[in-house]
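*Asks:* One structure is given below, represented as structure tokens, and several questions about it will come after.
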Amino acid sequence: MPLEVHVGFDDTDSPLGGCTTYIGARLVEILAEKGFAFLDYPNLVRLNPNIPWKTRGNGAVCLRLSVGGEGDYEELKETVLAFIRSHYEKAWKDTEPAVAFLRGSVPPMLRSLSQKALRRVVEPREALRVLRACGGEALELEGRQGVVGAAAAVGETLEGDHTYEAVAYRLPERRGEPRAVSFDSVVEMDRATRPWTFNNLDPETGRVLVTPRGPDPVLLGVRGETPEAVKKALSMVETGEKPERWAVFRTNQGTDAHLGETVKIRDIPPYSAVVVEGFVAQPPQTAPGGHVIFRLKDATGEIFCAAYEPTGNFRNTVRALRVGDRVKVYGGLRKAQPLGPRTVNLEKLEVLETAPVVEFRSPLCPRCGKRMTSMGAHKGFRCEKCKHRSSTLRRVPFPIPRSLSSGLYMPPPRAHRHLTKPLSRYGLEKAGKPGSPPRPEAFWGLGPPA
Ligand code: ATP
0 MPLEVHVGFD
10 DTDSPLGGCT
20 TYIGARLVEI
30 LAEKGFAFLD
40 YPNLVRLNPN
50 IPWKTRGNGA
60 VCLRLSVGGE
70 GDYEELKETV
80 LAFIRSHYEK
90 AWKDTEPAVA
100 FLRGSVPPML
110 RSLSQKALRR
120 VVEPREALRV
130 LRACGGEALE
140 LEGRQGVVGA
150 AAAVGETLEG
160 DHTYEAVAYR
170 LPERRGEPRA
180 VSFDSVVEMD
190 RATRPWTFNN
200 LDPETGRVLV
210 TPRGPDPVLL
220 GVRGETPEAV
230 KKALSMVETG
240 EKPERWAVFR
250 TNQGTDAHLG
260 ETVKIRDIPP
270 YSAVVVEGFV
280 AQPPQTAPGG
290 HVIFRLKDAT
300 GEIFCAAYEP
310 TGNFRNTVRA
320 LRVGDRVKVY
330 GGLRKAQPLG
340 PRTVNLEKLE
350 VLETAPVVEF
360 RSPLCPRCGK
370 RMTSMGAHKG
380 FRCEKCKHRS
390 STLRRVPFPI
400 PRSLSSGLYM
410 PPPRAHRHLT
420 KPLSRYGLEK
430 AGKPGSPPRP
440 EAFWGLGPPA
């Protein structure tokens with residue numbers, strides 16, 4: 000009897016090198032060559048971007064396969080464990096790799112765990128308990144933290160909105176060297192493939208976004224709506240080096256999967272992804288470093304919201320907010336600073352309703368119609384033209400037109416989280432899994448993609 004098996008793994012890398020997706024890409028080759036059948040593209044599952052102990056983008060990987068029976072399952076387990084054991088980053092003491100295995104379909108309880116891991120902090124104990132309660136097992140190769148990502152990757156079956164990323168990996172001897180990717184070819188690829196690819200370039204700065212920085216094995220990655228689109232786009236980018244391999248992942252990147260229901264300010268836990276609706280309580284101020292900060296209130300309390308310097312022109316939108324504006328903020332909360340207040344790091348801002356802004360001006364002269372001049376606080380007004388004086392007239396309200404209108408505003412793509420849905424994806428959302436299992440040639444190969 001064929002058996003459905005899910006293999007999730009996480010925390011195999013470190014700031015010194017490595018990448019969990021690369022382990023995934025290598026395992027795909029090994030398992031495909033052993034004849035294991037894949038039920039889905041390799042899944043790249045991004046989790047809560049606000050947890051402090053992530054290396055980079057808090058990504059975990061799940062491979063979903065069909066095996067012939069219990070004997071094949073044991074062989075699969077041994078193959079995966081042997082490979083991860085010998086390839087995780089051992090030079091870094093905080094790397095705590097784990098692998099989660101589940102046979103059969105993914106139960107609702109494990110799906111809920113993944114939802115929590117996208118938005119909140121999950122304790123390794125809880126992840127392990129849920130995985131075991133669902134009939135799964137986990138192997139922690141060092142430490143415990145990795146089990147959260149490993150189990151959550153299994154539980155996120157990407158049946159809601161999802162995207163794809165085609166990644167090219169570097170030959171070992173090139174890792175750590177600068178990446179020579181042709182700017183012009185990225186511009187051309189972007190022009191030819193948009194809107195089926197996204198976030199290739201940053202429109203504000205012209206910066207290329209398909210290449211990471213740092214010593215990891217990724218040469219470049221293109222994100223988009225279909226496996227065909229991202230693979231084609233990847234093949235259009237000219238690089239000064241031959242990739243070792245490529246792989247296409249199905250993923251929750253660019254879907255806002257971490258932004259759930261609106262929460263009350265009182266109930267926001269640290270290290271969480273949040274959506275909060277409220278009113279601007281204090282005008283925006285520019286802090287040292289160029290960060291723009293304002294205070295938001297709802298019926299349960301107040302919280303600071305910050306558009307940090309890297310969010311570029313988005314800060315001008317935030318600066319245009321006024322007290323009383325009704326807004327929805329989307330973002331993440333880090334730990335409360337011992338000396339500072341709780342602050343939402345803004346990923347998106349929705350202006351729901353702007354408040355009327357009035358300026359108080361001197362009254363018009365009742366005799367000649369010219370605007371009068373104040374004679375000082377509580378001393379009345381004088382007309383410079385006809386010399387009329389009055390101690391009873393008051394300043395009059397004058398409505399000021401607002402530069403900000405209702406709508407959704409976002410930082411430029413260079414400041415996006417992996418999970419943030421870019422404006423270009425609105426209207427392109429999709430649901431469901433691939434109709435039939437993809438053939439391995441559709442999602443991996445050696446060298447550059449054909
Ligand atoms: P990369 O993106 O390059 O793979 P990373 O940013 O994913 O690196 P990891 O080294 O995988 O970073 O570290 C993330 C750690 O956080 C893992 O141990 C993972 O199990 C754990 N983790 C992920 N999400 C949560 C969560 N919501 N609560 C608690 N721990 C989590």
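As numbered in numbering that gives the first Met the number 0, residues 0 to 449 make up the sequence shown, in order.
Glycine is no exception: its CB is placed at the ideal position from the N, C-alpha and C atoms.
For clarity, every value in this text was computed on a predicted model and none was experimentally measured.
(1) Using DSSP's beta-bridge definition, name the partner residues of W195.
(2) Can you tell me which of the three DSSP states N42 falls into?
(3) Could you pull the DSSP bridge partners for Q281 from this structure?
(4) Thinking C-alpha only, which one of R401, K296, S361, I399 is nearest T391?
(5) Under 8 Å: do the region 55-68 and the region 137-153 share three or more Cβ pairs, one atom per stretch?
(6) Regarding N47 and the ligand ATP, is the C-beta to nearest heavy atom distance less than 8 Å?
(7) Taking the C-alpha atoms as reference points, what is the distance between P309 and H415?
(8) Which word fits M108, buried or exposed, when buried means at least 16 other C-beta atoms lie within 10 angstroms of its C-beta?
(9) Determine, using beta carbons only, whether V4 and L101 come nearer to each other than 9 Å.
(10) Hey, out of P226, A99, A280, whose CA is closest to I83's CA?
(11) May I have the straight-line CA-CA distance separating M371 from E260, to the nearest angstrom?
(12) Just mark W443 as buried or exposed, buried being the case when its beta carbon has 16 or more other beta carbons within 10 Å.
(13) Pick from L64, V185, T196, L407: whose alpha carbon is nearest that of F313?
(14) Is the distance from the Cβ of D189 to the Cβ of L200 below 9 Å?
(15) Compute every distance between the C-beta of Q144 and the non-hydrogen atoms of the ligand ATP, then say whether any falls below 8 Å.
(16) So the candidates are S104, R63, M235, P412; which of them puts its Cα closest to the Cα of A449?
(17) Is I50 near the ligand ATP, with its Cβ less than 8 Å from a heavy atom?
(18) Tell me the residue span of the beta strand (DSSP E) that contains H5.
(19) Flag this pair as yes or no: are the beta carbons of V120 and S271 separated by less than 9 Å?
(20) Is the beta carbon of V147 within less than 8 Å of some heavy atom of the ligand ATP?
(21) Which class does V129 belong to by DSSP, given the choice of helix, strand or coil?
(22) Between the alpha carbons of R212 and V357, how many angstroms are there, rounded?
(23) Any chance the region 344-353 sits against the region 415-428, with 3 or more Cβ pairs inside 8 Å?
(24) Short check: CB of T19 to CB of F37, under 9 Å?
(25) What does a CB cutoff of less than 8 Å around V186 pick up in its chain, not counting 5 residues either side in sequence?
(26) Which residues mark the beginning and the end of the beta strand (DSSP E) in which S65 is found?
(27) Does DSSP put N344 in a helix, in a strand, or in coil?
(28) Tell me the residue span of the alpha helix (DSSP H) that contains T19.
(29) According to DSSP, which residues form a beta bridge with P396?
(30) Do you know offhand how far K384's Cα is from I264's?
(31) Would you identify the three-state DSSP class for L427, choosing helix, strand or coil?
(32) Just to confirm, does R55 get its C-beta within under 8 Å of one of the non-hydrogen atoms of the ligand ATP?
*Replies:* Taking the structure as given:
(1) DSSP output for W195 lists no bridge partner at all.
(2) strand
(3) R294
(4) S361
(5) yes
(6) yes
(7) 10 Å
(8) exposed
(9) yes
(10) A99
(11) 53 Å
(12) buried
(13) L407
(14) yes
(15) yes
(16) M235
(17) yes
(18) 2-9
(19) yes
(20) yes
(21) helix
(22) 48 Å
(23) yes
(24) no
(25) L200
(26) 58-66
(27) strand
(28) 19-32
(29) F359
(30) 54 Å
(31) coil
(32) yes
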